[in-house]
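Each protein sequence line maps, in turn, to chains A and B. Take 160 as the starting number for the first sequence in my numbering and just add one per residue. Take 3 as the starting number for the second sequence in my numbering and just add one per residue. Note that beta-carbon positions come from the ideal geometry of N, C-alpha and C, so glycine has one too. These figures come from a predicted structure and were not determined experimentally.
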Amino acid sequence: MADALILARALADPQSLALDTDWIGLVTTARAEQLLGTLAYRLDGLPLPEDVALLLADARAAAENGRRAALWEAEMARRALAPLGCAVVLLKGTAFVAAGLLAGRGRSIGDLDILVPRGSLDAVEAALLAAGWEWVKPDPYDDAYYRRWMHELPPLIHRDRDRMIDVHHTILPLTARITPDAAALLAQAQPLGTGLAVLSPDDMLVHAAAHLFADGDLAGGLRNLWDIHCLIDDHGSEGARVRAAEHGLSREVARALRLTHRLFATPVDPAYRTLARGDALYLRRLLARDDWGRPIRPATRLAFYVRSHWLRMPPAMLARHLWAKWRWG
Amino acid sequence: MRHVFTVRIGPIGFRVGSDWRAPIDALRELYRYYPSPNLPDFTVRLEATHWWRRWLRPSIRIAGDYMLPEAAPLPLAQGLLAAEMAMNLQLALGGRRYLLLHAACVERDGQALLLTGESGAGKSTLATLLAARGWRFMSDEFALIDPETGLVHPFPRLISLKNAAIAAAIAARPDAKLGPLLTGTPKGDIRHMVPDALAVGAMDEPAAPAMLLYPRHGFAAETRGVLPSESFVRLTQASTNYVALGQAGFDALTRLVRTTPAHAIDYPDGAAAIAQVEAVWRTL
């Protein structure tokens, strides 16, 4: 059955696309993986069928509007938090576009993710509430769970602009077995000269790998892996491997290097050019999308969903969590 | 997907896939005079809510490139409605080439008349009645404004008639081809009418917007002028992608309201509405 390999190939090597490509399948897969804008920039300037070129031009225009909206949202957060004087570090998509990185080209950006010092959390929360952000999750169990165990505040949404903000104080849940060094992330952050900062290039790569492989069920994983490919293209991967060891994320970064090399022919150290045990299953999950945009391989998906919970919580806690969710939920 | 149908309606191409044959057959029959797109802009899926719901009490989940989480599943008997809703949804949520206004549109002498208002204001009925009196039917759902030219592009999909409007439209166009009567839908009775040959034949011909009308059904006949500022606010509400288009949307909309006279029309019935529309059109 057709899977998202057609999309991975198109991103990695746009020149290889034949004119008789299954364009509708490619476009539909890219849309479903939120990579249509990225694809549109990758194919920009190539000789394409007229309708394809038109559709991709629309996607580039949409991505450009999305980029502007994301930067504006970051600026709104900066204004709200400026009086606190604490560091505000942009993460993920907004960071990529704010820093002008390759990973930001055409990238779809949903929520605004920021990292602040844990000691400033209360003040940050109060300042955001005062500036028009509101709670999304009214459920007291969820709220308490976030506050006690997660690496971020419960999500807030702005009442006028309808945009979500995720306020992180570190990059993995507190319940995870890995505890990255949040203070080091903040200490190495690079100011943008706008009152905002982004992680150092090495930490960005480590965070992307952590987000992809140590947190969550790999939903949207292809996009996250493409981010990693672009980050390596911009800054290489040497430094990131050193930083990964300091954060306890060497396994995740190594897997990221192997999989980007396999899927996107990313230039990585020769030691990461062959797949390791388990990698094939990750590839199966990353590409689990057909040419109608449908999720496929339900068993693989379920396995990664279960794994995501296993990673996040020790067994006893997971049992308590599931019990609470079942009882009230 | 098992069953596939593609169609181009004005400038927008769709690919519809279905787990069942019946909705595809209905689309094929009713869109028989429409062309196929080279590259569909959007993909729509009509899929069973669970694998066994393909056969047992079949239940259609509307899916595609863009989805609304709260969209309720529909029974297979309403498959045509599901397909139409799904196609509209893709355009509403994903369309970026044009500023999309939730409006019906008819044309005369190269000039377009846009009718906009909330669901139930009578857009579909009025557009059908006007088309039966010599206007060219362009759309009963979306006016597609090209931000570069300011022109309205046709989107003459099947006309979605609801409840009392069904009989009124059939009376105006007794020879029109119709889809099955769908009863008990979330919006009551629905029946689809195929736009006339003129509408389909000229679906690649845009027109310059000449007048904006805000009809309101169920009131004593009254016509009043509407200022561009009020039009602007009304149309930001009536657009599904105004915000997403950013500056292009703002520019297109300000140009439209500045150059197009607008009127609000309260009307008690179809005949009165037609007379009011014709009267206000003569003031152009």
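Query	Result
In terms of DSSP beta bridges, what is B/Leu146 paired with?	B/Leu102 and B/His155
From the DSSP output, in three-state form, read off B/Ala266 for me.	strand
By Cβ distance, which residues of its chain are closer than 6 Å to B/Gly124, with the 5 residues on each side in sequence left out?	Pro217 and His219
Run down chain B in chain order and give the residues with a C-beta less than 8 Å from the C-beta of A/Ile316.	Within 8 Å Cβ-Cβ: nothing; A/Ile316 doesn't reach chain B, min ~15 Å.
Based on Cα-Cα distance, which residue from A/Leu240, A/Asp203, A/Gly252 and A/Asp172 lies nearest to A/Arg226?	A/Gly252
Helix, strand or coil for B/Gln92, going by three-state DSSP, please let me know.	helix
I need the DSSP call for A/Ile330, collapsed to helix, strand or coil.	coil
Is B/Pro217 helix, strand or coil when you go by DSSP?	strand
Going by C-alpha to C-alpha distance, which of A/Leu230, A/Leu166 and A/Val186 sits closest to A/Thr353?	A/Leu230
Would you kindly work out how many angstroms separate the C-alpha atoms of A/Val211 and B/Pro270, rounded to a whole number?	48 Å
For B/Ser233, is the beta carbon positioned less than 7 Å from some heavy atom of the ligand SAH?	With respect to small molecules bound, the structure shown includes none, and the ligand SAH cannot be examined in it.
Using beta carbons (cut-off 8 Å, strictly below), is B/Asn40 in contact with chain A?	yes
Between which two residues does the beta strand (DSSP E) holding A/Glu293 run?	Trp292 to Trp294
Which chain B residues are close to A/Arg451, counting only those with a beta carbon under 8 Å from its beta carbon?	What sits at residue 451 of chain A in the sequence shown is Trp, not Arg. Neighbours of A/Trp451 on chain B, chain order: Met3, Gly19, Thr45 and Arg47.
Nearest by alpha-carbon distance to A/Ala199: which of A/Arg190, A/Leu215 and A/Glu192 is it?	A/Leu215
With DSSP as the reference, identify every bridge partner of B/Arg226, one or two as the case may be.	B/Ala266
Taking beta-carbon pairs under 9 Å, can you tell me which members of the segment 132–143 of chain B lie near chain A?	none
I'd like to know whether the C-beta atoms of A/Val248 and A/Ile273 end up nearer to each other than 8 Å.	yes
Taking any Cβ of chain B, which residues in the segment 235–255 of chain A have a Cβ under 9 Å from it, in chain order?	none
Hey, B/Ile64 and B/Ala84 are a contact pair by Cβ (cut 8 Å); roughly how many whole angstroms apart?	5 Å
Within the same chain, show all residues whose beta-carbon is closer than 6 Å to that of A/Gly398, passing over the 5 residues directly before and after it, in chain order.	Asp361
Please return the same chain residues whose Cβ sits closer than 8 Å to the Cβ of A/Asp203, not counting the five positions on each side in sequence.	Leu215 and Arg219
What's the gap between the Cα of B/Met195 and the Cα of B/Ala171?	9 Å
Kindly indicate which three-state DSSP category B/Leu160 falls into: helix, strand or coil?	coil
Does the segment 158–174 of chain B come close enough to the segment 218–232 of chain B to have 3 or more Cβ pairs within less than 8 Å?	no
Do B/Pro158 and B/Ile11 have their beta-carbon atoms positioned less than 8 Å apart in this structure?	yes
Specify the secondary structure class of A/Gly252 as computed by DSSP and reduced to three states.	helix
Tell me, which residues are paired with B/Glu280 by DSSP?	DSSP lists no partner for B/Glu280.
With a CB to CB cut of under 8 Å and the five nearest residues on each side skipped, what residues in its chain are close to A/Pro173?	Arg201, Leu202 and Leu205
If you reduce the DSSP assignment to three classes, tell me which class B/Gly190 lands in.	strand
Count the other CB atoms, across all protein chains shown, that sit within 10 Å of the CB of A/Ser175; report buried if there are 16 or more and exposed otherwise.	exposed
From the beta carbon of B/Arg99, is the nearest beta carbon of chain A less than 8 Å away?	yes
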